[in-house]
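Student: Mind having a look at this structure? Questions to follow.
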Amino acid sequence: MRCLNCCCWKSSSVHQEGDEYKKCETRNEDKGGSDTSEKDSNKNVECDNEGNPRNKHALSPGHSLMDWIRLGNSGTDLTGVGSQAGRLSVTHKELARHNKETDAWLAIRGKVFNITHYIPYHPGGPEEIMKGAGTDATKLFEQVHAWVNYESLLQKCYIGRLVVLDPKMNAEELFFGSPKTPKQQDTNGNKPKSVVDTIKSPGSDENDSISIASESRTKFARKADSSDDIKYLKDRMFQPRFDWIQKTDYITIVFYTKALCNPQVEIIPQSQDNVVFVYLTYECQVFTNEITFSKSIHWPCHTKVHFETGKIEIIFKKTESKIWESYGSLKQKRDDIERADNVRTHYSLKCKKDINYNTALFELERVDNGKVIVPLGKHVKIYGVINGEEVCRCYTPIPRSLFADYRPQLYATDNICLAIKRYEDGNISKYVHNKTVGDVLDVSKGIGSFCLKDLESKEVYLLLAAGTGITPMLSLLIFLIERRIRRCQKVLLVFFNQTEKDILFHDEFNSLSKIEKRFKLMNVLSNPESTWSGLKGHVSAEVLGHAIETVLDGTAFKQNDIFAMVCGPTVFTQLTEKLLKETGFDKDQIHLFLS
């Protein structure tokens, strides 16, 4: 007998559980087209006079949802795998071994849970939940109670992810990389730098795969004869974690990198309408992810990068509105990165818009129709051939939409947007300004020495920018204000320009300072009009002293708590660094943006 609506406890004690109860009961994802089947199924459900479905199975005393939550919070290991919990890769073959009431695992949407302890708490009774034991129970779960937030309900039971190795994958290559040819072999005898893994959808019918965990232990015992081997094996396991979520019309691919690792994200569509490549670059490594969806998707996608946590969400619209049984398959590969400034990509000019009398916004999109998110604080090189000679210059991408009606950014800027000032003696600036919509430019990947982890423990910031040196501050300013884990307490932008008409994004900054009380703006002009009532002059010890007092005003922080970031012409940057150090700033309190 099918268990319908069986995760709805009818108990007064449950209603006292508040937010914890709601979190377990509420399904975050909108299942869209399941309304009809739910209505049909609910015909067989007994309801009380409040319209709530009754349990088909009487729970023993002490087995309510509240009791289950208490058990989860008691410190009892509900996974049965100890410190390996959440890190195991489980094959269908391994999953099938755990199909007894005293040892029961099941998988839902690629995640494996040990439900042994949960069985007596299941409102539908042991018989119903055991139908999914030892199997991928995704389809059964979606049919019976797709609205239940199973991840919250079973979070303390999570073992790891369900995987199936590609039958053509050699296990030796999986853990030790493809053997190099003599031409490729490193003269120092280093091991190959690439590893490939294939993760098929949990809906796959193949059951003859080997266990990753047991296979890796065997290889480890045979191969890892030194500390270098152990380190090498550990390095191979640092692939970003993968997950997926779907609604009726959309599917979201999720990668979990490292907190504050500041990845570059490239998403490239292929000729097939169900294949995309996702390249994640961070910590001198590039992770290639080939996703083959089970059905076709529309292009382009939308991307959200949570730089603070390292979470990356890529949202695709389905060509057909329906719930998929599986997402498809994923192949992952890890390689050492090439020098970013040696890799060039063709971009076409999509949009050009004047900001003021000598500076314009340029939006560039990839010719191959791909999408790219450049890391925060990184710049790109633009190349041009002028009078038969190749020249280049660095520019820092900025957000496409700046602070208008400020709100958290829904999606990342997945084209490259640049603010470029035209200099009469500047070869590249004139070269770019003379381009028209549709013209092609060669652009490098994101490069630069900025490390987002330097901000991990900081809460007070001093941004010092001159002219177009404002560009790296723009994305960072949004990041600082949106930061949640280590909340930014105060940020002061000191913006140096010659005249008032040289101040870029003047209105946007003023609007932001009115909306966001933690943000303060200080404009300093070296050649102002007589009507200018603000600060005048160049960067100096006096100006910096006033800025430090302003950023610390109303807080309990001290000067050694401030993190300063500086960008502008080389002379400005070097002088500002010198003055900051003379004021008492330590070198680890300062970052200089240099080309």
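Mapping the sequence shown onto UniProt numbering, position 333 (from 1) lands on 333, and the numbers just tick up by one.
Ideal Cβ positions, reconstructed from N, Cα and C, are used throughout, including at glycine.
1) Are the CB atoms of Y383 and R344 within a distance shorter than 8 Å?
2) Measuring only the C-alpha atoms, how far is E38 from I108?
3) Indicate whether K295 and K318 have their beta-carbon atoms separated by less than 8 Å.
4) By the 10 Å Cβ neighbour count, where 16 or more other Cβ atoms means buried, how is N114 classified, buried or exposed?
5) Report all residues from its chain with a CB closer than 6 Å to the CB of S34; omit the five preceding and five following residues, and keep chain order.
6) Name the residue from V81, V275, D442 and F479 whose alpha carbon lies nearest to the alpha carbon of L455.
7) Determine the direct distance from the alpha carbon of I267 to that of K371, and round the result to whole angstroms.
8) Which ranges would you report for the alpha helix (DSSP H) in the segment 99-141 if only whole runs of at least 4 residues count?
9) With a Cβ-Cβ cutoff of 8 Å, do L493 and M473 count as a contact?
10) Give the single residue among N497, V566 and P240 whose Cα lies nearest to the Cα of K311.
11) For L376, I'd like the list of residues in its chain whose CB is within less than 7 Å of its CB, leaving aside the five on either flank, ordered along the chain.
12) Which ranges does the beta strand (DSSP E) cover as unbroken runs of at least 3 residues, wholly within the segment 452-495, from first to last along the chain?
13) By DSSP, does H145 sit in helix, in strand, or in coil?
14) Let's see if you can read the secondary structure: which residues bound the alpha helix (DSSP H) around N427?
15) Given a cut-off of 8 Å, decide if T292 and Q264 are closer than it, judged by their beta-carbon atoms.
16) Hey, how far is the Cα of E363 from the Cα of N415?
17) Roughly how many angstroms separate the alpha carbons of G537 and K501, rounded to a whole number?
18) From the DSSP output, which residues share a beta bridge with K322?
19) Tell me the DSSP secondary structure of Y327 in three-state form.
20) Consult DSSP for H506 and reduce its assignment to one of helix, strand or coil.
21) Just to confirm, is the Cβ distance from T436 to L361 under 8 Å?
22) Among residues of its own chain, excluding the 5 on either side of H117, which ones have a beta-carbon nearer than 8 Å to its beta-carbon?
23) Near L140, which residues of its chain fall below 6 Å by C-beta distance, leaving aside the five closest residues on each side in sequence?
24) Which residues in the same chain have their Cβ closer than 8 Å to the Cβ of T252, if we skip the five residues on either side of it in sequence?
25) Please state the DSSP three-state secondary structure of D586.
26) Looking at the unbroken beta strand (DSSP E) that takes in V524, where does it start and where does it end?
27) Per DSSP, what are the beta-bridge partners of P269 in this structure?
28) Quick check: A547 and M565, are their CB atoms within less than 8 Å of each other?
29) In terms of residues, what are the limits of the alpha helix (DSSP H) holding D67?
30) Answer yes or no: do H346 and V432 have a C-beta to C-beta separation smaller than 8 Å?
31) Taking only the alpha-carbon atoms, compute the straight-line gap between F557 and W532 and give it to the nearest angstrom.
32) By Cβ distance below 7 Å, which residues in the same chain neighbour L592 in space, the five residues on each side in sequence not counted?
33) Among the residues of its own chain, which have a CB less than 7 Å from the CB of P300, if the five just before and after it don't count?
34) For E94 and E320, I'd like the C-alpha separation in whole angstroms.
Tutor: Looking at the atomic coordinates:
1) Position 344 of the sequence shown, counting from 1, holds the residue named residue 344. Position 383 of the sequence shown, counting from 1, holds the residue named residue 383. Going by C-beta atoms, R344 is nearer than 8 Å to Y383.
2) For the purposes of this step, residue 38 is taken as the residue at position 38 of the sequence shown. For the purposes of this step, residue 108 is taken as the residue at position 108 of the sequence shown. Its pLDDT being 41, under 50, E38 is placed unreliably in this model, and the coordinates cannot settle the point.
3) Stepping through the sequence shown from its first residue, residue 295 is reached at position 295. Stepping through the sequence shown from its first residue, residue 318 is reached at position 318. Their beta carbons are under 8 Å apart, which means K295 touches K318 by this criterion.
4) Here residue 114 is taken as the residue at index 114 of the sequence shown, counted from 1. Buried, because 16 or more other Cβ atoms sit within 10 Å of the Cβ of N114.
5) Locating residue 34 in the sequence shown gives position 34, counting from the first residue. Residue placement at S34 cannot be trusted, given a pLDDT of 41 that sits under 50; what the coordinates show is reported in the next sentence. Only A146 meet the Cβ criterion.
6) On the sequence shown, residue 455 is found 455 positions in, with the first residue counted as 1. Of the candidates V81, V275, D442 and F479, the one whose C-alpha sits nearest the C-alpha of L455 is F479.
7) If you number the sequence shown from 1, residue 371 lands on position 371. If you number the sequence shown from 1, residue 267 lands on position 267. C-alpha separation (whole angstroms): 5 Å.
8) 126-129
9) The count along the sequence shown starts at 1 and reaches residue 493 at position 493. The count along the sequence shown starts at 1 and reaches residue 473 at position 473. Result yes, Cβ atoms of L493 and M473 sit closer than 8 Å.
10) Mapped onto the sequence shown, residue 311 falls at position 311. Selected option, being the one with the closest Cα: P240.
11) One-based indexing of the sequence shown puts residue 376 at position 376. The residues are N262, F307, L452, S475, L476 and F479.
12) 460-466
13) Indexing the sequence shown from 1 puts residue 145 at position 145. Three-state result, H145: helix.
14) Position 427 of the sequence shown, counted from the first residue, corresponds to residue 427. Here the alpha helix (DSSP H) through N427 covers N427 to H433.
15) Mapped onto the sequence shown, residue 264 falls at position 264. Mapped onto the sequence shown, residue 292 falls at position 292. No; because the gap between Cβ atoms is not below 8 Å, this pair is not in contact.
16) Your numbering for residue 363 matches position 363 in the sequence shown. Your numbering for residue 415 matches position 415 in the sequence shown. Computed Cα separation, rounded: 7 Å.
17) Taking the first residue of the sequence shown as position 1, residue 537 is located at position 537. Taking the first residue of the sequence shown as position 1, residue 501 is located at position 501. Spanning the two alpha carbons is a distance of roughly 16 Å.
18) Mapped onto the sequence shown, residue 322 falls at position 322. Its beta-bridge partners do not exist; DSSP assigns none.
19) What you label residue 327 is simply residue 327 of the sequence shown in a count that begins at 1. Coil.
20) Residue 506 sits at position 506 when you count from the first residue of the sequence shown. Three-state result, H506: helix.
21) Residue numbering aside, residue 436 sits at position 436 when the sequence shown is read from its first letter. Residue numbering aside, residue 361 sits at position 361 when the sequence shown is read from its first letter. Taking 8 Å as the Cβ cut-off, T436 and L361 do not qualify as a contacting pair.
22) Here residue 117 refers to the residue found at position 117 of the sequence shown. Here the set comprises L71, T76, L78 and C157.
23) Along the sequence shown, read from residue 1 onward, the residue named residue 140 stands at position 140. So the list reads G132, once near-sequence residues are dropped.
24) Here residue 252 is taken as the residue at index 252 of the sequence shown, counted from 1. Closer than 8 Å at Cβ, skipping near neighbours: W244, I245, Q246, E313, I314, I315 and F316.
25) Residue numbering aside, residue 586 sits at position 586 when the sequence shown is read from its first letter. Looking at D586 - three-state DSSP - the assignment turns out to be coil, as it is neither helix nor strand.
26) Residue 524 sits at position 524 when you count from the first residue of the sequence shown. Note, V524: beta strand (DSSP E), F519 to L525.
27) The sequence position of residue 269 within the sequence shown is 269, counting from 1. DSSP output for P269 lists V276 as bridge partner(s).
28) For the purposes of this step, residue 547 is taken as residue 547 along the sequence shown, with counting starting at 1. For the purposes of this step, residue 565 is taken as residue 565 along the sequence shown, with counting starting at 1. Result no, Cβ atoms of A547 and M565 do not sit closer than 8 Å.
29) Locating residue 67 in the sequence shown gives position 67, where the first residue counts as 1. Here the alpha helix (DSSP H) through D67 covers L65 to G72.
30) As a working mapping, residue 346 is identified with position 346 in the sequence shown. As a working mapping, residue 432 is identified with position 432 in the sequence shown. Against a cut-off of 8 Å, the Cβ pair of V432 and H346 comes out as no contact.
31) Within the sequence shown, residue 557 is the residue found at index 557, counting from 1. Within the sequence shown, residue 532 is the residue found at index 532, counting from 1. Distance between the alpha carbons of F557 and W532 is about 32 Å.
32) Translated into positions along the sequence shown, residue 592 becomes position 592. Around L592: V566, T573 and E577.
33) Here residue 300 is taken as the residue at index 300 of the sequence shown, counted from 1. Here the set comprises K371.
34) To locate residue 94, count along the sequence shown from 1; it is residue 94. To locate residue 320, count along the sequence shown from 1; it is residue 320. Near 34 Å, if we compare the C-alpha coordinates of E320 and E94.
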